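Participant: First to last, the protein sequences are chains A and B.
If you count the first sequence from 1, position 444 lands on 451 in our numbering, and the numbers rise without skipping.
If you count the second sequence from 1, position 1267 lands on 1250 in our numbering, and the numbers rise without skipping.
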Amino acid sequence: MILNKSFLTVARRDPGVRPLKERVHDYEPVEMELSQDIVREQASRCMNCGVPFCHAFGCPLENVVPETNHAVARGEWKKALDILLETSPFPEFTGIVCPALCEGSCVNGQDGYSVTNREIEHTIIENGFANGWVLPNIPKRRIGKRVAVIGSGPAGLACAEYLNRAGVDVTVYEKAEYLGGIMRYGIPDFRLSKKIIERRIALMQQEGIHFETGINIGTDASPEYIFRKNDAMVLTCGARTPRDLKIPGRELSGIHFALDYLTQQNRLNGGEIFSPDETMNAKDKRVVVIGGGDTGANCIGTAVRQGAASIMQIEIMPCPPVARAANNPWPEWPRVFKESASHKEGCVRKWNINTLEAIGENGIVKALKCVEVEWKRGEDGRMIPVPKQNGEFILEADLVLLAMGFTGHAIPEIVDAFNLKLTERGGIYHDANGKTSTDGVYIAGDAASGPSLVVRAIADGKRVALKILEGLT
Amino acid sequence: MKAQGLYNSQYEHDACGVGFVLNMNAKKEHKIVENGVNVLVNLLHRGATGADVNTGDGAGLLLEIPDRFFKESLKMKLPAMGKYAVGMLFLPEADAKRRTVRTMFERIAHEENFNVLAFRDVPCKPEVLGESAREVMPHVAQIFLESKLGLDGDALERALLVLRKRAEHESELPADGCDGFYIASLSARTIVYKGMMTGPQVPLFYPDLKNDLFESAVAVVHQRYSTNTFPSWPLAQPFRFLAHNGEINTIRGNRNWMRAREANISSPLFGEDVKKLVPILENGSSDSGNLDNVLEVLTLGGREVGHSMMMLMPQAWGKKHAMGPDLRGFFEFHAGIMEPWDGPAAVAFTDGKWVGATLDRNGLRPARYTITNDGFMVFASEVGVLDIPAENVKEKGSLRPGQMLLINMETGRFYKDAEIKSRFARKVPYRRWVKENHIDIHGFFNAVGEVVGDPSTLVKRQRLFGYTREDLEIILNAMASSGVEPIGSMGSDQPLAVLSEKPQLLYWYFKQLFAQVTNPPIDPIREELVMSLMTFLGIHDNFLAEEPSQARLVKFRYPVLSNEDLGRIRTLNYDDYKSVTIKMAFPVLSDRKSAGELLEEALDALCRNVEEKVRAGYSIIILSDKDLPEEMAPMPALLAVSAVNQYLSRRAIRTSCGLILETGEAREVMHVASLLGFGATAVNPYLAFESIAELSRAGELDVHLGVTEAIEHYIDAMNKGLKKVMSRMGISTLRSYRNAQVFEIVGISSKVVDKYFAGTASRVGGIGLEEIAKEALMRWRSSIEGQGALLPVGGEYRYRKDGERHLWTPEAIANLQISLRTSDYARYKKYAACINDQVKHQSTLRGLFAFKKTNSVPIEEVEPASEIVKRFVTGAMSYGAISQEAHEAIAIAMNRIGAKSNCGEGGEDPKRYEKLSNGDSLSSATKQVASGRFGVTSEYLVNAKEIQIKIAQGAKPGEGGQLPGHKVNEEIARVRHSTPGVTLISPPPHHDIYSIEDIAQLIYDLRNANDEARVSVKLVSEAGVGTVAAGVAKARADMILISGYDGGTGASPLSSIKHAGAPWELGLSETQTTLVLNSLRSRVRLQVDGQLKTGRDVVIGALLGAEEFGFATAVLVSLGCVMMRHCHSNTCPVGVATQDPELRKRFKGTPENVIQFFMFVAEEVREYMAQLGFRKFDEMVGRSDLLEMNKAIDFWKAKGLDYSGILYSASKDPSATHCTEHQATGLEGALDYEFLKEIGDGIETGRKVVIEHPIRNIHRTVGTIISSRIARKYGYKGLPDDSITLRLKGSAGQSLGAFGAHGLTIELEGEANDYIGKGLSGGKIIVRPAAGSKFAPEDNVIGGNVILYGATSGELYLNGRAGERFAIRNSGALAVVEGIGDHACEYMTGGRVVVLGPTGINFGAGMSGGIAYVYDENGRFDSLCNTEMVDLDTLDLNDESELKKLLENHLRYTLSPKAKRILENWERERERFVKVFPMEYRRVLGAMSKKDSEVPRTAKTRE
């Protein structure tokens, strides 16, 4: 294997985003693509570590990153694709939306800049599609078993994919009108084009997977029906119960959960029509996003495109450091300050801000009362926010979006329908193999673990599928 | 002694001093006997004693029958000399038993037509012996016989041999001990007096020898140094024909072949009696004893003894050796009859008619002789063993590699090598016999063809044989692209094969053995000319015959057959060379039988089938696993070939056929090496060829190559790799490597080993046929069921989640690093759990141990961590392998906690000897002395607390190393005393350790160089390491380190990292047992290393017997290493293992990280100590009784493991199991201490001192202690020239002026032995013949072998010739000499060497720096020089002035007549000088034209 020092001589190069003036006017993907030659050069920065942390520590899918990189560096695109597809069922999703845990644990990232693994993955798979190398995985034989997958998000799709490959007859039930779960509804089009999801669903249909949309399990289809028709079922219905903000004035109009807001814009883009009353639009409004995570950033980008007058993002936690803190050493995921393309499109970010009250007029929110906090160690040793003296201030707001994460609480209808035992924290009980307290009912993805990343959902769906197979055969 | 624990007497080695004295005029004199004894006395330092200092390892003399003594002194009535025979018998002590034996012997004598004339109890004086020798002393008696048939001469000797063999075979008593039976000699010509004693004890024990009438014209003498002291009288030498100094590395193969052949020998001289000679090899005898057995049979079978010796130990006769066609024909003819008995050897021999001596092909033992004007000759391992007046010396000489000398005792004629050989070469027309009879196959071993395969089924077939992506990308790609095996770094942390959950190829259960201490490995690159991969098909059994038909053979240039070559063999169209292909496969399914049963049946059937075919006249058996039907799985090829080989051998038909393997399984060097090692004749790795062809066609090779070129590269790489495997064991030729089974098995049950791999060590049991079959079936299933174009990921060489497991996981590394940076012990324990908890996932032998329940003690009572850490050391890592930052951080940390860091083999910057202002010290406590001797100066040695002799390294035991020029920057070059940019090569052996007594000498040298430091020896675990360690303990090392095979490296071939050496648990346990059994344990400390990572590892090491513990990889990880495993590419991204300035900036480790690591480990140790109930660490050492196998482990392959051998306790006495006393240094009598008294304050004040003193060969290492005093006071720069002058007269012992410091001058009048000026550090040595010598100095040998080894500066003037390997690894000294042996200036990196006379072959091999000027009188120097790395030039003006100055010095100091002649005729003579100019050196000096320097020179450069 040829080794060179290109990790020292070649600079990391990200694909970059479309010019700001252009991109804020549409919902097309903001990220650009690099030429294959550049991607090859980038891949050559991979050092082919003896202990590849990207593969064995970072990536939940255990993608063999050094080998794909090596193949790409040599221009062996087909081989790279084969290696990639061996561990990852849907690289076209993760190649776009993954925060790239692999890059966080890349040895190159210890000093200097990690290898652009996500972009390389993206290029491998898109190149694969372009060349017609991505083919449906049609099982050689059917084993005469049936499994129902409840939910068509990344975990559900992955689970369905691996069960089907093994010859299981799989039906995916989705309560929404379209497939894709959080990827379709939670991630704006300017990040992930929905065509990508549809391209995959089409392949899966060719593989023989059945999809049924608009079906609510428990109401539209009874558990008995599902059980009768299947040998097992797996819950992959996500963890979309948002964390609420319990403050005075929360009931005011103009305060929405971020996911509702994002979902609506996605549905609008998909051609659905909402009444003006239903519509949450930021046009000419002063928007405040509470919560500093990715969902918050998605809200900012969406609000920019809707024509917001101003956008402010507030976060109760302190601003993360620019470089790793001492208690956040490599190869852990770096908790450092990041600025997404959306942030650059126009917003103000504030940290150490707690929201005390929503102030409204006529039932419509007009402002938020906030306070600056300091983080101090409490009596039990945990860090707690302490309001600063004279730190209170008023933030004018016409649209408040709550992007404070998800609770991981189970969906009550599902719990009732399948008579599932819960954990103390309100999640659905399951063992290490994804088995719930009810025989034949498995659980995977966010529904099992609580809210997390697309890549983890895929990995978990894959893992549980293999466990289900062990149980079936 | 019987096997106990892991100790087994079969691993004993011996070596020694050897020699003979002779009256060339055949005059029998008592003086000869006396002189023989004197030689023994003066070779005493070459022998050894054990714990009981009065018990020698053995000594003796081989003499002519003292006819006068018997007749005149003892008044015996005997027939004329020659008509009666004397047997020297060792009989049982007990009367009744002795009578029985005597009766038996006399009965057989009568049956064999002998009359018993007399029986004599030999007077003995047991009181002179040591206790342990006395305990097992036999009754010594002589029996006198006469032939009833009136036989005499050779016929009588033959009859006596038959008698002796019968008596040996029919006696049921062991040869050994005081109730055994052994015949030391039985001849009408010679007699052997020997026993378990030291040389000086021999005449005291046997008063016969002091009788003035005891006369002989010859005395062959031997002083033994064995690794063990287990008493053995019969193993003392000489044997009946020879005395041997050295070791036969190939002994197992020789024994196997001898047994395979002997049933079919015949000889008209012996007639029917020939059957009585079988078995020819004495059971339980040593390698030397067996060599003697064969020499005797060959010689009495009709060959002259010299001829027999040439057959057994042929010189190297490859293309690079200039020799005539007749002699080459002789060797080629005999190569077809007998494989070489190969190994370091100086042999003195006599059959009573001829006396002679020979040296092995490598010339690895010293052999010097002196002939006087009055016809007396002495030959010995050293000069100076007898005092001979200078004016009486006629000739002083030495044997060169592969040379022989002979004296006809009747005529007194002295024959030198060339004469002897041409005489034998023309005895019959061997050359013509070979030419006319050998089988010529058209196109054999010519270009390989395009490989046509079936790509559509390739992956399926690759899966069938367990191929992984790594096999293609890492192994085959490297071999095919660059023609060499791939290089890797860091150690092996994957599970042993028997603990791996992945199906393992059978090869992974085998570990390559290697040479250490008792014999040297060979350099397969620089000394390639002694190696040969040639092998034959169609060897004939009857080695007693000599007829043309024995040359009817097919010759293979090397053992890897292309598809075309296999095809040519298949289609051979001769009646006596017919081939048949037999499938090696077994059915995968049966209703009634298990997989193991099916495999066993198939193996049995295969063996029977082969037997039938052989008996039916097929002489070429091709075992094939190609194109098997789907319901058949391939047998592991190694199992199949070994099964067939051993089966045929047992039926005495093995030599009737060649076994060729056509296998898809073999792909890497280890595979082919094991197949050959277990008996295959040649291997056709067809699937590897096809895989490479596919890689080539797909453009996936690193280098763009066509198919045929890629395959040729692959075969090249395979051949180089095979040479490396052979050379690791010190074996030169494939013919003696084949079937030599130089492997140890880890993890196969004794049932399987006994049936299919008999004779191979397998010490912990393991899997049976059932599991072997199951693993084969797992591969088969993957082939049937596997989908997709991708092979499994592998993960042997890189961590892969889905691949083979490793101990260094990302979790382990992250936990460790984070725990150290945050001082978080809880996090450390998480790390420790990753390593220690192997209940679910086994990895190491120790992982399967559990601690027995004992009474615990409160942890507060356990000794503190700050004490425990003092037992910790860091592994030897050179500055060069790791960065300065990392190297210094480690040194600081270890010095702070009172532990030891090890500087590795690259020297150390003297700046680091000064303490820093904050009290820290950068000086590594342990200074290593490795084979390259880089930076080993007197100053370096005096700054050590411990000096460590690195014999081997776990990652590549038996191999050298290379630091490529691009890594040698200014800094490194300065520290290593070399030139920046010039490649530095470390040879595989220490060129001053070829044998066990040599290490005693090196230890003695180092003690002289620093009489305050302790001296340690680093060994690597393998079967037999315990006996080596016993030898090292007897050589007075203070500490012995046993390294595991899995330890780290900066660069090694991957196959060496994975497949050579054994786990330390085995080696440590064996060492502990052997030392305790020998009562040697109390005087040495034991250290262990090899993938030690946690406190639990330490505790297990302690319980198995170690007192100290080495960590290396874990320390690097503490400093930031992330196990990139790319150390060899200089691209370490964390600045640890790199010299790149940019990358070094990334280094973030601190001494505190290292200290924290060791404190955590010690804390963990304390917890275990509390649990086990130990308050003091020493109490824990050797308590293996507290370990057991973990019953919780339920892994299918681990079930057959049996640890009882490892856990054996040789002593219940706790004080016998650890070190309680200091070794004796042996320095008491050193001349230097006397000199120091005379010098007084001379060193302090710089006052000039001149001392005159006589010197003898027993005065070794003279000048070294003085030098150490100079270096301590003044450092490397020393004193001004000639401040202290020693004027010596006589024969100097070994290592004259070793590490001689600047300011010391030694003028020797006389001669000197080996290692003059070893490590010379600025001193000056002058040697000239004794005043009054009559011989011409330029024609006589005045210096020994391996002179100036590792010298860094200084001057040497030798007015005479020297031996082999002159100025080896010299990096700065100036030397003038008048003639030298082979391999001169090998590995030289600097300095100047002037040779005024003839040189041997292979001059300048591996020479990367410095310049040599050779006076080339006859203009053929270029044929003697190894021009791989050097140019031969004419001198320019600068050269001339430099050379002239050196010659003038030489003349001034030595009065050399030759120098005088040359200088007087300078204008004419100067043109005869050739300048040897290393290419790399030339480029670095800017003396190479631009165009010339731009040519890429990559040949044979290997990292």
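Just so you know, even glycine gets a beta-carbon here, dropped at the ideal spot from N, CA and C.
Note that the coordinates shown come from a computational prediction; the quantities given were computed from them, not determined experimentally.
In whole angstroms, what separates the C-alpha of A/R25 from that of A/I150?
Facilitator: 48 Å
Participant: What is the residue span of the beta strand (DSSP E) that B/T564 lies within?
Facilitator: 562 to 566
Participant: Strictly by DSSP, which residues pair up with B/C(-1)?
Facilitator: B/C(-1) is bridged to B/R207.
Participant: Can we say the region 338 to 355 of chain B touches the region 541 to 551 of chain B, given the rule of at least three CB pairs closer than 8 Å?
Facilitator: Touching, no.
Participant: In the DSSP assignment, find the alpha helix (DSSP H) that holds A/R47 and state where it starts and stops.
Facilitator: 43 to 50
Participant: Please state whether DSSP places B/R1129 in a helix, a strand or coil.
Facilitator: coil
Participant: Could you tell me which residues DSSP pairs with B/G1093 in its beta bridges?
Facilitator: B/V856, B/D1072
Participant: Can you tell me whether B/H696 is helix, strand or coil according to DSSP?
Facilitator: helix
Participant: Is DSSP giving B/R764 helix, strand or coil here?
Facilitator: helix
Participant: If we call anything under 8 Å between Cβ atoms a contact, is B/A363 one with B/R351?
Facilitator: yes
Participant: Apart from the five residues on each side of it in sequence, which residues of its chain come closer than 7 Å, Cβ to Cβ, to B/I371?
Facilitator: Here the set comprises T353, T355.
Participant: Compare the C-beta of A/N138 with all C-beta atoms of chain B and state if any pair is closer than 8 Å.
Facilitator: False, the Cβ-Cβ gap to chain B never drops below 8 Å.
Participant: So with CB distances below 9 Å, who are the chain B contacts of A/P59?
Facilitator: R781, Y782, R783, P793
Participant: Hey, quick one: how far does the beta strand (DSSP E) through B/S745 stretch, first residue to last?
Facilitator: DSSP places B/S745 in the uninterrupted beta strand (DSSP E) bounded by 744 to 750.
Participant: Quick check: B/L516 and B/L536, are their CB atoms within less than 8 Å of each other?
Facilitator: no
Participant: Using a Cβ-Cβ cut-off of 6 Å (strictly less than) and excluding sequence neighbours within five positions of B/H973, which residues of its own chain qualify?
Facilitator: S914
Participant: Name the residues in the region 1109 to 1142 of chain B whose C-beta lies less than 7 Å from a C-beta of chain A; which are they?
Facilitator: H1109, S1112, T1114, P1116, V1117, E1125, R1129
Participant: CA-CA distance, B/I842 and A/D387?
Facilitator: 30 Å
Participant: Rounded to whole angstroms, what is the Cα-Cα separation between B/L74 and B/R235?
Facilitator: 29 Å
Participant: Would you tell me roughly how many angstroms separate the C-alpha atoms of B/Y1191 and B/K853, rounded to the nearest one?
Facilitator: One alpha carbon belongs to B/Y1191, the other to B/K853, and they sit about 28 Å apart.
Participant: Where do the ends of the alpha helix (DSSP H) carrying B/S115 lie?
Facilitator: Annotation: the continuous alpha helix (DSSP H) that includes B/S115 extends over 114 to 118.
Participant: At which residues does the beta strand (DSSP E) containing B/I880 begin and terminate?
Facilitator: Element bounds for B/I880: n/a, residue is neither H nor E.
Participant: Leaving out the 5 sequence neighbours to the left and right, which residues in its chain are closer than 7 Å to A/A466 when beta-carbon positions are compared?
Facilitator: P67, L68
Participant: Can you pull the DSSP bridge partners for A/Q320?
Facilitator: A/V296, A/R356
Participant: When you compare the CB of A/L15 with every CB in chain B, is at least one pair closer than 8 Å?
Facilitator: yes
Participant: Evaluate B/E114 with the Cβ neighbour count: other Cβ atoms within 10 Å of its Cβ, from every protein chain shown; 16 or more gives buried, anything less gives exposed.
Facilitator: exposed
Participant: Enumerate, from N- to C-terminal direction, the unbroken alpha helix (DSSP H) stretches of 4 or more residues contained entirely within the region 558 to 614 of chain B.
Facilitator: 578 to 598
Participant: Between B/M292 and chain A, is there a C-beta pair that is closer than 8 Å?
Facilitator: no
Participant: Going straight from the alpha carbon of A/I194 to that of A/D267, what length do you get?
Facilitator: Their backbone Cα atoms lie some 11 Å apart in a straight line.
Participant: List, from N- to C-terminal side, the alpha helix (DSSP H) runs of 4 residues or more that fit wholly inside the region 77 to 110 of chain B.
Facilitator: Listed in chain order, they are 78 to 94.
Participant: Within the 8 Å Cβ cut-off, does B/L621 reach chain A?
Facilitator: no
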